[in-house]
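In mature numbering (1 follows the signal peptide of the UniProt record, and there is no 0), the protein residues as written are -20 to -1, 1 to 147.
We put the beta carbon where it would ideally sit given N, CA and C, even for glycine.
Following: one structure in structure tokens, then a few remarks.
As structure tokens, then:
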């Protein structure tokens, strides 16, 4: 009989002990915005974006110049030369459009590649804080939609910043 009572106590006590575990939350966007790696990545992406923009403007100016030259001479050109220049202008416009698409894709890829090591470092810091705090879960309010956060949930954002050496 004593064994049955001990077994019942263990069966009911274990779930209560598990429920006493800590749930925590944090805001990764608040942390990432302060990471030096993020600031550098943003500056690098801004530089790349500016270079693409300048090249697009240069190309557009060249296209406009050739278009104006063609329009000024169109009436006096033989048909085959006019057709050749029209084809040249059409090819230039297509190359510009293709370059814009490639630039956009390259910017997206560069942004993703820049963020991977940043999120990896952040995730490692979150795991370290979670272990140190004895948290069973740490929810990231910036990455997941959580409609309610209780006041009993511990905000570990500051501890993650400290883990990363951010003040």
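Looking at the DSSP output, residue 15 sits in no beta bridge, so it has no partner there. DSSP places residue 103 in the uninterrupted alpha helix (DSSP H) bounded by 59 to 113. The Cβ atoms of residue 72 and residue 46 sit closer than 8 Å to each other. CA-to-CA, the gap between residue 35 and residue 82 works out to about 12 Å. Taking C-beta separations shorter than 7 Å and ignoring five residues to either side along the sequence, the partners of residue 18 in its chain run 12, 98, following chain order. Going by DSSP, residue 4 is part of the beta strand (DSSP E) stretching over 2 to 6. Per DSSP, reduced to three states, the secondary structure at residue 140 is helical. Beta bridge pairing from DSSP links residue 118 with 4.
For residue 122, same chain residues with a beta-carbon under 6 Å away, outside a window of 5 residues either side, are 7, 8, 9 in chain order. A direct Cα-to-Cα measurement between residue 76 and residue 33 gives close to 12 Å. The alpha carbon of residue 145 has as its nearest neighbour, out of 124, 119, 109, the alpha carbon of 109. Of the candidates 141, 39, 22, 55, 141 places its Cα closest to the Cα of residue 101. The beta carbon of residue 21 sits closer than 6 Å to the beta carbons of 94 from its chain, once the five residues preceding and following it are set aside; these are given in chain order. When only Cα atoms are considered, residue 120 and residue 78 end up about 39 Å apart. With respect to residue 129, residue 118 sits apart: the two C-beta atoms are not nearer than 8 Å. Leaving aside the five residues that flank residue 50 on each side, the residues in its chain whose CB is nearer than 7 Å to its CB run, in chain order, 65, 69.
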